[in-house]
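So this is what it looks like as C-alpha cells:
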C-alpha cells in the first residue's frame with residue numbers, strides 16, 4: 031500500500047508491553063509480505079491468533095479445471111448466462127472462467143454472507159459490477175458498492191456480507207496486487223501523474239470486534255484447502271498500524287489520460303500483479319487531432335492475453351459483435367484483434383466515449399476454466415468476417 035495508517039488502540043512503541051484492562055497482554059501479530067522485507071502491519075489481538083483447536087482438509091468449493099485455448103480463438107463469455115442459485119456466497123460460489131499459474135479470473139453472483147476465509151496463496155482483487163456489501167476483516171469493515179475495486183492482501187481473514195444481490199468479478203493472484211511502480215515515489219507516495227491518489231482510497235477506519243469461541247475459517251493455501259477451527263473469533267483486533275491492509279478504490283475515481291491521437295492501454299493501468307496488469311476504461315473525452323480515429327487500431331499483443339470485462343456504457347469498438355453488459359472477451363496472444371467492421375468509420379468525429387470496462391492482461395497464456403464452457407458465445411470468433419465478406423458489405427445498423 032502507498033501509505034501508513036493507524037486504526038484503534040496501539041502502544042507508543044512497537045514490540046513493547048501493551049496490556050488489556052484486566053492486566054493481561056494483548057497478543058501482537060506482525061502481518062508482513064516478502065519475509066519481513068516489504069510492507070507490513072502490526073495487529074493487537076485480545077486472544078492469541080495462533081490458538082487453533084482443529085484443522086481438517088476439505089475439498090475446494092469449485093474445482094477449476096483447465097482446458098487450453100486450442101485451437102487458438104478469441105472468446106466471448108456471457109457471465110450473465112451463468113447459472114445462479116439462492117444462498118450463494120462470494121467464497122464458495124465463485125465460478126472460475128480463466129486461469130493460469132499467475133492468476134484466476136472468476137465471476138460470482140451472491141446473496142448470502144460468506145464464511146470466514148483466508149486466501150494464503152495471494153492477494154485478491156474484487157470488482158463490484160452491481161450491488162452493495164460489507165467486507166468484514168480483522169482490520170475492520172469496508173462498505174463497497176457498484177464500481178468499487180477491493181484489494182484484499184494475502185492471508186487477510188475476511189468475509190463478504192451482501193446487503194443486496196452482488197455481482198463480482200474476482201481476480202485471485204499468486205502474489206501481490208498494488209499500484210504500478212511507475213505511479214509511486216521511492217517512498218511509496220502516489221505521484222502527480224498517477225490516475226488516482228491517496229484521497230481516492232478507502233480503508234477500515236475502526237476496529238471490528240466480534241466475540242465468539244471455536245470459530246471456523248476456510249483457508250486456501252499452496253497445497254489445497256483447510257478448515258481451521260480457532261479457539262476465539264479472529265475479529266478481536268483492538269488496533270493496528272502499518273502499510274498492509276485491505277482497501278478500496280472506485281473505478282469512478284480513476285482519472286483517464288487522453289491525447290491528440292489514440293492512447294495505448296498502459297495509460298489505463300490501475301494495478302499490477304505477478305505477470306498481469308489490471309486496467310480501467312472509463313467515460314472520457316477522446317482524441318482531438320483533426321484526423322484522429324478514436325477507436326483502437328488493430329493490434330497483436332505478442333506477449334499477453336487480453337481479457338476485457340464490459341461493465342457499463344457502450345463499447346464502441348465492439349458494436350455488432352454480441353458484446354453486452356457482463357460480457358468477458360478474451361483476445362489471446364497469437365491473434366490480431368481490433369475494432370469490429372464499420373467501427374473505424376463510425377468513430378471518426380466522435381468526441382466522447384461512454385464506456386466502462388475492466389481489463390486484465392496476462393503475460394502467460396490463459397486456460398479456459400470449467401464455467402467458461404457454460405457461457406461461451408461460439409460465434410464470436412467469426413464476427414470480424416461474417417458481415418464483411420466480399421459481396422456482402424457491412425450492415426450499417428450493426429457494423
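Numbering (the working numbering), first residue to last: 31 to 429. The beta carbon of each residue, even a glycine, is placed where N, CA and C say it ideally should be. Keep in mind that this is a model prediction, so the values were computed, not measured.
- Assignment of beta-bridge partners to residue 212 by DSSP yields no partner.
- Taking a contact to require three or more Cβ pairs closer than 8 Å, the stretch 391 to 406 and the stretch 299 to 310 qualify as touching.
- DSSP places residue 56 in the coil class of the three-state scheme, outside both helix and strand.
- Under the three-state reduction of DSSP output, residue 327 falls in the coil class, being neither helix nor strand.
- Ranked by Cα distance from residue 105, the options 383, 353, 378 are led by 353.
- Contact between the stretch 337 to 356 and the stretch 149 to 161 is present, with at least three C-beta pairs closer than 8 Å.
- The Cβ-Cβ distance between residue 259 and residue 87 does not fall below 8 Å.
- In the pairwise beta carbon analysis, the stretch 101 to 116 is classified as not touching the stretch 77 to 84: fewer than three pairs are separated by under 8 Å.
- Three or more beta-carbon pairs separated by less than 8 Å link the stretch 131 to 148 to the stretch 246 to 253, which places the two stretches in contact.
- Distance from the Cα of residue 122 is smallest, within the candidate group 40, 365, 143, 133, for 143.
- Secondary structure at residue 346: helix, using DSSP grouped into helix, strand and coil.
- In the three-state DSSP reduction, residue 375 falls in the helix class (H, G or I).
- With a cut-off of 8 Å on Cβ pairs, the stretch 279 to 292 is not in contact with the stretch 95 to 102, counting fewer than three such pairs.
- Secondary structure of residue 188 (DSSP, three-state): strand.
- Residue burial is scored here from C-beta neighbours: residue 370 has at least 16 other C-beta atoms within 10 angstroms and is therefore classed as buried.
- Closest in alpha carbon position to residue 113, among 410, 404, 202, is 404.
- Annotation for residue 405: the continuous alpha helix (DSSP H) segment containing it runs 400 to 405.
- For the pair residue 210 and residue 299, the CB atoms are nearer than the 8 Å cut-off.
- Within the model, the alpha-carbon separation for residue 230 versus residue 179 is close to 11 Å.
- With contacts defined by Cβ atoms closer than 8 Å, residue 275 and residue 234 form a contacting pair.
- Among the bridge pairs identified by DSSP, residue 118 is matched with none.
- The beta carbon of residue 103 is closer than 6 Å to those of 411 in its chain, skipping five residues each way along the sequence.
- Taking the CA atoms as reference points, residue 291 sits about 15 Å from residue 328.
- DSSP places residue 275 in the coil class of the three-state scheme, outside both helix and strand.
- DSSP places residue 200 in the uninterrupted beta strand (DSSP E) bounded by 196 to 203.
- Judged by DSSP secondary structure, residue 353 falls outside any beta strand (DSSP E); it is assigned neither H nor E.
- Membership of residue 63 in any beta strand (DSSP E) is not indicated, and neither H nor E is assigned to it by DSSP.
- Looking at the DSSP output, residue 126 sits in a beta bridge with 136.
- Taking 8 Å as the cut-off, the Cβ atoms of residue 400 and residue 95 count as close.
- Note on residue 254: under 16 other CB atoms within 10 angstroms of its CB, so exposed under the neighbour-count rule.
- Between residue 216 and residue 296, the alpha-carbon positions lie close to 21 Å from each other.
- Residue 75 and residue 266 do touch by the CB rule: their CB atoms are close to 5 Å apart, below 8 Å.
- In this structure, residue 168 sits away from residue 151, with a CB-CB distance that is not shorter than 8 Å.
- For residue 386, the enclosing beta strand (DSSP E) stretches over residues 385 to 392.
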